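S.K.: This note's numbering applies: residue 23 is where the sequence shown begins, and numbers increase by one.
We treat Cβ as the ideally placed atom computed from N, Cα and C, and that holds for glycine.
Keep in mind the model is a prediction, meaning the values are calculated, not measured.
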Amino acid sequence: MITTVMEKMIDYFKNDVRRINHALKVLTFAHIISQEELADEKIHQILCFTAILHDIGIKEAERKYHSSGAKYQEIEGPHIARHILTQLDISQGYIERICFIIGNHHSYAQIDGMDFQMLVEADFLVNMYEDSMNQDTIRNIRDTIFKTKSGKRLLESMYLEEESGVKRHE
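1) Cutting at 7 Å between CB atoms, please list the residues of its own chain near Ala103, excluding the five before and the five after it.
2) Between which two residues does the alpha helix (DSSP H) carrying Tyr130 extend?
3) Let's test the definition: count the other Cβ atoms within 10 Å of the Cβ of Lys81 and tell me whether it reaches 16, buried, or not, exposed.
4) Using the three-state DSSP reduction, which class does Met23 fall into: helix, strand or coil?
5) Please list, in chain order, all residues of the same chain as Thr166 whose beta carbon is under 7 Å from its beta carbon, the five residues on each side excluded.
6) Closest by CA to Leu69, which one among Phe146, Arg85, Arg164, Asp137?
7) DSSP on Gly79, reduced to helix/strand/coil?
8) Which value, in whole angstroms, describes the spacing of the CA atoms of Glu152 and Val142?
9) When we look at the beta-carbon of Leu49 and count the other beta-carbons within 10 Å, is it buried (16 or more) or exposed?
10) Determine whether the beta carbon atoms of Arg11 and Leu177 lie at a separation below 7 Å.
11) Output the distance between the C-alpha atoms of Ala92 and Gln67, rounded to the nearest integer angstrom.
12) Check for me: the alpha helix (DSSP H) holding Ala144 runs from which residue to which?
13) Going by beta carbon distance, what residues of the same chain come within less than 8 Å of Ile160, once the five residues before and after it are set aside?
14) Tell me the DSSP secondary structure of Asn156 in three-state form.
15) Using DSSP with H/G/I as helix, E/B as strand and the rest coil, what is Leu182?
Right, here's the structure in full:
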């Protein structure tokens, strides 16, 4: 089923390879964090579906509001995700949870479960690179947003300079 959702996301974004690749990278980190945190199967599945579709509202946000801003993604994403997911054999409970997370995935005060937490961490792990975040910003995000041991380990391994001051290769 995860492959089917990936295919639907790719069909939706068409030739927007940057957005397709972003979703697939977030899915990969979400999978790693979920496995290392020993998430149960329900949380893992919700997380994977959400990772694939978390930014699905961008196209409509750009069309309607001429902006890919976070608040517009959160407005437009749940409706599109619901349309995609209801075509598949996914329970209504899963769909509601996935749409809630998509509709709040930039509203960190709304994080209310491990599925949501792991999605935010996976998204940040990708955005830190894609947005060329500096060390201070990365440390602040680690200290204020990240909660899982796996997410913190990945962040530190990938982005933070060694204590010796030697910069990691990009």
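M.R.: On the basis of the data shown:
1) Leu75, Ile78, Ile120, Cys121, Ile124
2) Note, Tyr130: premise wrong, no alpha helix (DSSP H); not H, not E.
3) buried
4) coil
5) none
6) Asp137
7) coil
8) 15 Å
9) buried
10) This structure gives no information on residue 11, because the portion of the chain shown stretches from 23 to 192.
11) 24 Å
12) 136-152
13) Met150, Leu177, Tyr181, Leu182
14) coil
15) coil
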